Amino acid sequence: MIELQHVAMSYGGGELLSDMSLSLAPGSFHFLTGPSGAGKTTFLKLCYAELLPSAGQMTLFGKDALAMTRDDIAGIRQRIGVVHQDCQFLEHLSVEENVALPLTVSRRPVNAPELRELLGWVGLKHRREARPAQLSGGERQRAALARAIIMSPDVILADEPTGNLDWEMSLRLLSLLVELNRMGKTVVIATHDLNLIRQAKAQVSARVLRIANRRLQHAGADL
Amino acid sequence: MRAPLSLLKSERPSADRVVPPTGFTARLTLLTAAAMAFLAVFALALSLATGRLANRWADSLARSATIRISAPPDQMEAQVAAVLAVLKTTPGVASDRVLGNDEMKALLKPWFGPDLPVDALPLPKLIAVTETSEGVDSEGLRLRLQGEAPGAVFDDHTRWRRPLVAAAERIRLLGLMSLVLIFGAMAGMITLAAQAALAANGQVIATLRLVGARDTFIARAFVRRFTLRGLAGAGLGVLLGMVAVAALPSTNEAGGFLTGLGFSGWGWLWPLIIPPVAAIVAYGATRFAATRMLRRIR
Chain V
0 MIELQHVAMS YGGGELLSDM SLSLAPGSFH FLTGPSGAGK TTFLKLCYAE LLPSAGQMTL
60 FGKDALAMTR DDIAGIRQRI GVVHQDCQFL EHLSVEENVA LPLTVSRRPV NAPELRELLG
120 WVGLKHRREA RPAQLSGGER QRAALARAII MSPDVILADE PTGNLDWEMS LRLLSLLVEL
180 NRMGKTVVIA THDLNLIRQA KAQVSARVLR IANRRLQHAG ADL
Chain Y
0 MRAPLSLLKS ERPSADRVVP PTGFTARLTL LTAAAMAFLA VFALALSLAT GRLANRWADS
60 LARSATIRIS APPDQMEAQV AAVLAVLKTT PGVASDRVLG NDEMKALLKP WFGPDLPVDA
120 LPLPKLIAVT ETSEGVDSEG LRLRLQGEAP GAVFDDHTRW RRPLVAAAER IRLLGLMSLV
180 LIFGAMAGMI TLAAQAALAA NGQVIATLRL VGARDTFIAR AFVRRFTLRG LAGAGLGVLL
240 GMVAVAALPS TNEAGGFLTG LGFSGWGWLW PLIIPPVAAI VAYGATRFAA TRMLRRIR
């Protein structure tokens, strides 16, 4: 679905990522680790074409990322759900409207019972009319997850989704992502929380990738 | 690209709501469109009035002429009679009339005052000629007068008519140019307002792109909003402008200078074209601004 071959990413004259090769298979579960500033977010942005590689080849769902039009990219993003640490909500809309936003922008009908079922699944049914600013950190992350999966995407990319959450809330979010993976979704979580990775590996067969010295490495048993 | 009119009906209310309301730019666009439409009504009124004036001058002056006879007193009556005889046999002459002393006095009054002794002065005789719609062969008539009455000079008002009509035509052109400039200024201001709204909503646009919104969807949300504001503002401005034009002093009160400034008859429908034109201008300006802005955000 997402394939990178010898991809490099430069910005402002400096190379942020070098010679990265990876293939994200359907239904796989990946953790992306590395120190702060290693390029985890940049890597995820490459995966949903917010950034384009400066060298190498990258294909998203069979399409060459460098040859994609803006409409192609919009179409690709309807197949990739993204959860950011800062969530990126539209603050003037309710939680329910924010969660349904991918349907709205793709001009698909919003099925109210299904939307409420989804909100119930992430534990936000009672908060559906609240504004994002009224939510706690955990609630915001769960709302962001609900928005990311409402289009039933093939891939879910989560960038430090538990960065602002306590351990209990982190485990709750992780269990939701594991459940999605069991439904066949490909999940990539960028995190530096090794405890979270250990916890996940107990539940699901996860591959751990590490970015160090601008390169992608497969983490070994030292985790 | 969808037609501007299709923007007036929203397929789904929620599609509009993705862009937060922006009070300042909304008011600015509304005010700009209203002010420009108000001015456009006057520019249109000026243009139409000068057009009518040019036609009236051209029409009335084209169908009148004057023959001036300067001759020694003992030959004056004979030459006048000769000119009248020539006019009677000239095709294109509807009527002719020798101006009497009272009319001569009235013509000279602005320069010499009311007590001018017309009888005692060697004034030329004037014959007012009204032409038919076919008009007179000016050169032919001049040649015949030269032969029959050497003191007669035929003046078909061409040297008066041409500059007057040209002046009126130029004023009309100025009115039309003013309309173009007004709509150009409106486009510029709405582009700036749209750019401000788009820049203020950079984060919103980034979020919409993140969840898979196409540029057309995002642009449409802004374009529709600004088009409707342009339409509403221009409608208000046109209404106020028409009331102001209707309230202008009438011809009799204002005197000759402002004669006919305004609309007449079906001409009152012309200002109604301004709001749709303003909406089209707003549509184009916002679409231009949105397209440029969106290219910068992946």
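Chains as they are written, first to last, in numbering that gives the first Met the number 0: chain V, 0 to 222; chain Y, 0 to 297.
We put the beta carbon where it would ideally sit given N, CA and C, even for glycine.
As the structure is a prediction and not an experimental result, all values here were calculated from the model.
For P90 (chain Y), there are no CB contacts under 6 Å within the same chain when 5 residues up- and downstream are skipped. Residue contact with chain V for F216 (chain Y): present (Cβ-Cβ distance below 8 Å to some residue of chain V). At the C-beta level, I126 (chain Y) and D95 (chain Y) come within 8 Å of one another. In the DSSP annotation of this structure, the continuous segment of the alpha helix (DSSP H) that includes T285 (chain Y) starts and ends at 273-293.
Neighbours of A195 (chain Y) across chain V, judged by C-beta separation under 8 Å, do not exist; the nearest C-beta is about 18 Å away.
Interface with chain Y (8 Å Cβ-Cβ cutoff): E49 (chain V) is included. Judged by their CB atoms, S169 (chain V) and L195 (chain V) are nearer to each other than the 8 Å cut-off. Here the alpha carbons of L114 (chain V) and K124 (chain V) stand approximately 9 Å from one another. Chain V has a Cβ within less than 8 Å of the Cβ of R16 (chain Y). Scanning its chain for C-beta atoms nearer than 8 Å, with the 5 sequence neighbours on each side dropped, one finds around Q4 (chain V) the residues S20, G55, Q56, M57, in chain order. DSSP places L156 (chain V) within a strand segment (E or B) once states are collapsed to three. Counting the other Cβ atoms within 10 Å of the Cβ of M176 (chain Y) gives fewer than 16, which makes it exposed. Here the alpha carbon of G234 (chain Y) sits roughly 16 Å from the alpha carbon of A245 (chain Y). Around the CB of L16 (chain V), 16 or more other CB atoms lie within 10 Å, so the residue is classed as buried. At a cut-off of 8 Å, the C-beta of R219 (chain Y) has no neighbouring C-beta in chain V. Of the other Cβ atoms in all chains shown, 16 or more fall within 10 Å of the Cβ of Q84 (chain V); this residue is therefore buried. At least one beta carbon of chain V lies nearer than 8 Å to the beta carbon of V203 (chain Y). Across the structure, A132 (chain V) and L172 (chain Y) are spaced so that their CA atoms are roughly 57 Å apart. Each of Y:M241, Y:D58, Y:W269 was checked against the Cα of T129 (chain Y), and the nearest Cα belongs to Y:D58. Contact check for R141 (chain V) against L172 (chain V) passes: the beta carbons are separated by less than 8 Å. Residue pairing by DSSP places I188 (chain V) opposite V:F30, V:A157 in a beta bridge.
Annotation for F153 (chain Y): no alpha helix (DSSP H) segment contains it, though the beta strand (DSSP E) segment containing it runs 151-154. By the neighbour-count criterion, in which a residue is buried when 16 or more other Cβ atoms sit within 10 angstroms of its Cβ, A111 (chain V) is exposed. Listed as beta-bridge partners of T65 (chain Y) by DSSP are Y:A127, Y:D154. Below the 9 Å Cβ cutoff, chain Y contributes V210, G211, A212, R213, F216 as neighbours of S105 (chain V), in chain order.
Per DSSP, the continuous alpha helix (DSSP H) segment holding G136 (chain V) begins and ends at 136-148. For L170 (chain V), the uninterrupted alpha helix (DSSP H) segment begins and ends at 166-181. Burial is judged here by how many other beta carbons sit within 10 angstroms of a residue's own beta carbon; R223 (chain Y) has at least 16 and is buried. In terms of Cβ geometry, E178 (chain V) and R130 (chain V) do not form a close pair [threshold 8 Å]. Scanning its chain for C-beta atoms nearer than 8 Å, with the 5 sequence neighbours on each side dropped, one finds around R181 (chain V) the residues V203, in chain order. Chain-order list of chain Y residues neighbouring A73 (chain V): R208, G211, A212, R213, D214, by C-beta distance under 8 Å. Residue contact with chain Y for L89 (chain V): present (Cβ-Cβ distance below 8 Å to some residue of chain Y). About 4 Å separates the CB atoms of T285 (chain Y) and F225 (chain Y); that is less than 8 Å, so the two are in contact.
Close partners of D63 (chain V) in chain Y (Cβ separation under 8 Å) are lacking, with about 16 Å as the shortest Cβ gap.
The beta carbon of L175 (chain V) is closer than 8 Å to those of W120, V121, R141, L144 in its chain, skipping five residues each way along the sequence.
The CB of V81 (chain V) comes closer than 7 Å to the CB of L209 in chain Y, given here in chain order.
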